[in-house]
Amino acid sequence: MEKISNYKRTLGIITISAGIVSAACIFLGAYAVEYNFEAFSEPTLMLQYVHNHKEAYWFLLLDMAGYYLLLLPVIFYLHQQYQYQSPWVPLFTFSGLAYVLTGAIGAAMLASTWPDLMQQYSTAPEVEQHAIVLAFNTLTHLVTKGLWNMLEVLFAGTWWIGFGIMLKRDSKTIGLLSVTAGTACLVDSVGTMAGWKIMSELGVNLYLVLGIVWPIVLGIRLIRQSAFPTAFHAPTTSSYIKNQTHAKV
411 MEKISNYKRT
421 LGIITISAGI
431 VSAACIFLGA
441 YAVEYNFEAF
451 SEPTLMLQYV
461 HNHKEAYWFL
471 LLDMAGYYLL
481 LLPVIFYLHQ
491 QYQYQSPWVP
501 LFTFSGLAYV
511 LTGAIGAAML
521 ASTWPDLMQQ
531 YSTAPEVEQH
541 AIVLAFNTLT
551 HLVTKGLWNM
561 LEVLFAGTWW
571 IGFGIMLKRD
581 SKTIGLLSVT
591 AGTACLVDSV
601 GTMAGWKIMS
611 ELGVNLYLVL
621 GIVWPIVLGI
631 RLIRQSAFPT
641 AFHAPTTSSY
651 IKNQTHAKV
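Numbering (this note's numbering), first residue to last: 411 to 659.
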C-alpha cells in the first residue's frame, strides 16, 4: 500500500509539473514575440523578433516537456486503471501516446531549427533573406498545421474524450474537463483541415488553456488520494469478465 501511495504522490507531482511547465511555455512564448500573438498564426512575423531567438528556443523546449512528455506517466496510469472497463482502452492509450510523441517531435524540430534560421535572417543580406523566410515558413507550417493542428489534435481528442467518459464515473469535474479538452482538440483539427480559421483558433486556444488546467487538477486529486491507495482502483479481470457476461445475458 505504501508503494502505491508513493507512486500516486509522485505521479501527481509530475502531472502538476506538466501544467506548470505548460503555463511557463505560454508566458515565455508571449514574451518571445513581445505579446504580438498574431505571430503564432503568421510565421513571417516571428522573424521580426530574431533578437529573442533564445527565448523562442526555450519556449519550444518547455512546450515539448509540458504539453507532451510530462504527460507520459499519467497516460500509462490511466491505462492501468481503466484497462478492464472498456475494450477501447488500448486505442485510447495509443492515441495518448501518439499525441505526446507527435507533438514532442514537432516541438523538437522547431527548437532545432528556429534559432538558427532567426540568427541567419538577422545577419543575411537582403537577397538571401527571402530564401530564409521561405524555409522558415515552410518548416513552421509543416509542424504547426500538419503535425500539430491536424494530426496531433486528432489523437489528443480521442485520448481525452475516451478516458474522460470513464473518468466521469470517479470525478465529474475531471471527466468534464477531459471531454471538453478533447472536443476542443477535434474542433481545432476540423477547423484546420476545412480552412475555417475562427473555428481552429477557438479550438486551439481552449486546448492551450485546458492543457494547463487539466493536469494540475488531476495531479492535485492524485496527491490527495495518495493517502488512500484504493481510490481510483481499477476493477479486476474477473470482475470485467463478469460484467461482460451479465451484459451479454
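Where a beta carbon is used, it is the ideal one built from N, C-alpha and C, also for glycine.
Annotation: Leu527 to Ala517 spans about 15 Å, alpha carbon to alpha carbon. Straight-line measurement puts the Cα of Tyr477 at about 24 Å from the Cα of Tyr459. Contact between the region 540-555 and the region 451-467 is present: 3 or more CB-CB pairs across the two stretches fall below 8 Å.
Cβ neighbours of Ala566 within its own chain (closer than 6 Å, five residues either side excluded): Tyr509, Cys595. By the criterion of a C-beta distance shorter than 6 Å, Lys578 is surrounded in its chain by Gly585, once the five residues flanking it on both sides are discounted.
Bounds of the alpha helix (DSSP H) holding Tyr492 are 482-492. The beta carbons of Gly605 and Val563 sit no closer together than 9 Å. In this structure, Met474 places its C-beta atom within 9 Å of the C-beta atom of Gly513. Taken in chain order, the complete beta strand (DSSP E) segments of 3 or more residues contained in the region 572-627 number zero; there are none. About 19 Å separates the Cβ atoms of Ala591 and Leu557, ruling out a contact at the 8 Å cut-off. When the five nearest sequence neighbours on each side are left out, the beta carbons in the same chain lying within less than 7 Å of the beta carbon of Leu479 are those of Val510, Ala514, in order along the chain. A distance of 9 Å or more separates the beta carbons of Leu501 and Leu472. Taking the Cβ atoms as the reference, Gly429 lies roughly 4 Å from Ile626, within the contact range of under 8 Å. Per the C-alpha coordinates, the member of Phe447, Leu587, Glu538, Gly601 positioned closest to Ile622 is Leu587. Rounded to whole angstroms, the gap between the alpha carbons of Cys435 and Val499 is 30 Å.
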